[in-house]
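Chemist: For our numbering, count along the sequence shown from 1 and bump the result up by 14.
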Amino acid sequence: LLIYFGESDSKDCGQCDVCRRKNESGVTNYLYRMLRDKILAVLKTEPSRRLNSLVELVADRDGSPEQVIRVIRFMVDAGELSLKDDRISLAPEA
Numbered sequence: 015l016l017i018y019f020g021e022s023d024s025k026d027c028g029q030c031d032v033c034r035r036k037n038e039s040g041v042t043n044y045l046y047r048m049l050r051d052k053i054l055a056v057l058k059t060e061p062s063r064r065l066n067s068l069v070e071l072v073a074d075r076d077g078s079p080e081q082v083i084r085v086i087r088f089m090v091d092a093g094e095l096s097l098k099d100d101r102i103s104l105a106p107e108a
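Have a look at this one:
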């Protein structure tokens, strides 16, 4: 929805399902944004990557594999990433 309305980033509302799950997951907003930025940076240089490879690469730098997987799930739910056949990529823009 953000892309449709011309927005590239949003602040956490704390009300929607995605924000509430993020708050309940134990991933702080700071860690979420840091891991999100690293995931996006990797996928901008390599548009499609195996999920395990991406998790290992990002977790090796910051965060645990479980935290990276949680962030990826949030990003898929938010429509920022696409997951197909164990490959993760940036979601196509509408």
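C-beta: ideal position from N, C-alpha, C; glycine also.
Could you spell out the range, first to last residue, of the beta strand (DSSP E) harbouring S67?
Modeler: Here residue 67 is taken as the residue at index 53 of the sequence shown, counted from 1. Premise fails: S67 lies in the alpha helix (DSSP H), 65 to 75, not in any beta strand (DSSP E).
Chemist: Go to S103, then tell me how far its beta strand (DSSP E) extends in each direction, as first and last residue.
Modeler: Position 89 of the sequence shown holds residue 103. Note, S103: beta strand (DSSP E), 101 to 104.
Chemist: Please determine, among E60, L54, R75, the residue with the shortest C-alpha to C-alpha distance to V90.
Modeler: Within the sequence shown, the letter at position 76 stands for residue 90. When each option's Cα is compared against that of V90, the closest is L54.
Chemist: To the nearest whole angstrom, what separates the beta carbons of L97 and G77, a pair I think is in contact under 8 Å?
Modeler: For the purposes of this step, residue 97 is taken as residue 83 along the sequence shown, with counting starting at 1. For the purposes of this step, residue 77 is taken as residue 63 along the sequence shown, with counting starting at 1. So it is not a contact: roughly 19 Å between Cβ atoms.
Chemist: Within this structure, are the beta carbons of V72 and K52 separated by less than 8 Å?
Modeler: Residue mapping note: residue 72 aligns to position 58 of the sequence shown, counting from 1. Residue mapping note: residue 52 aligns to position 38 of the sequence shown, counting from 1. Yes, they are a contact pair.
Chemist: For the candidate residues D100, D99, P61, Q81, whose alpha-carbon lies nearest to that of N43?
Modeler: For this step, residue 43 is matched to residue 29 along the sequence shown. The candidate whose alpha carbon is nearest that of N43 is Q81.
Chemist: Excluding the 5 residues flanking N66 on each side, which residues of the same chain have their C-beta closer than 8 Å to its C-beta?
Modeler: Residue numbering aside, residue 66 sits at position 52 when the sequence shown is read from its first letter. Excluding residues within five positions, the ones whose Cβ falls inside 8 Å are D100.
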